[in-house]
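J.:
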Amino acid sequence: MPRETGRKLIAQNKRARHDFFIEDTYEAGLVLTGTEVKSLRAGKANLTDGYASVEGGELWLINVYIPEYSQGTWTNHAARRTRKLLLHRKEIGKLEASLKEKGLTLIPLSMYFKDGRAKIEIGIARGKKDYDKRQTLMEKQANREMARAMSNAVRRRGGR
């Protein structure tokens, strides 16, 4: 069987971009068991409540939900177990230094397969206040209305 290539999205944390300002992103590998990989290949995962933390010089992914594999037996995994993330030591050091700053946290943004290996994109994030969320929504709505007006103007002129 040929090796898998490209990028296949498993799960995305859309809520993260709404609730946080993403300052920087990193791609990390995941240490998984066999049934976790099979469950992910079925496209099942939830990143909404998850976060990452640095403990003892290692990066850990906490509270991410990967459901039990339906055909798994006694070898099945716990759905919300703590999973180790794989990053270079220098990157973990940078993350640890930036997390010491008040108000920053590490959150998972997306999980995907890249060339057959499970990867997760984590972001250094700062929480948004309610007025920031409203401002972001107003900007999105204004951009949408502007694009709609432009496409209507092109249609009226006899373009497309």
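Numbering (our numbering), first residue to last: 1392 to 1551. Just so it is clear, CB atoms sit at the ideal spot from N, CA and C, and this is done for glycine as well.
(1) Report all residues from its chain with a CB closer than 7 Å to the CB of Asn1467; omit the five preceding and five following residues, and keep chain order.
(2) Would you grab the beta carbon distance between Ile1511 and Met1502 for me? Rounded to a whole angstrom, and I think it's under 8 Å.
(3) Can you give me the Cβ contacts of Val1445 inside the same chain, cut-off strictly under 7 Å, excluding the 5 residues immediately before and after it?
(4) Rounded to a whole number of angstroms, what is the C-alpha to C-alpha distance between His1409 and Ala1540?
(5) Taking its Cβ as the centre, do 16 or more other Cβ atoms sit within 10 Å of Gly1528, making it buried, or is it exposed?
(6) Per DSSP, which one or two residues make a beta bridge with Met1502?
(7) Going by alpha carbons, who is nearest to Pro1499 out of Trp1451, Thr1424, Ala1433 and Arg1548?
(8) Is it the case that the region 1431-1444 contacts the region 1399-1413, given that we only count it when at least three CB pairs across the two stretches are under 8 Å?
(9) Which residue from Val1422, Arg1517 and Gly1549 puts its Cα closest to that of Glu1414?
(10) Return helix, strand or coil for Arg1474, following the three-state DSSP convention.
T.: Working from what's here:
(1) Thr1426, Glu1459 and Tyr1460
(2) 5 Å
(3) Ile1483, Leu1486, Glu1487 and Leu1490
(4) 25 Å
(5) A small correction: the amino acid at residue 1528 is Leu; Gly does not occupy that position in the sequence shown. So Leu1528 counts as exposed.
(6) Per DSSP, Ala1402 and Ile1511.
(7) Trp1451
(8) Contact between the region 1399-1413 and the region 1431-1444 is present, because at least three Cβ pairs lie under 8 Å.
(9) Measuring from the Cα of Glu1414, the nearest candidate turns out to be Arg1517.
(10) Of the three classes helix, strand and coil, the one that applies to Arg1474 here is strand, per DSSP.
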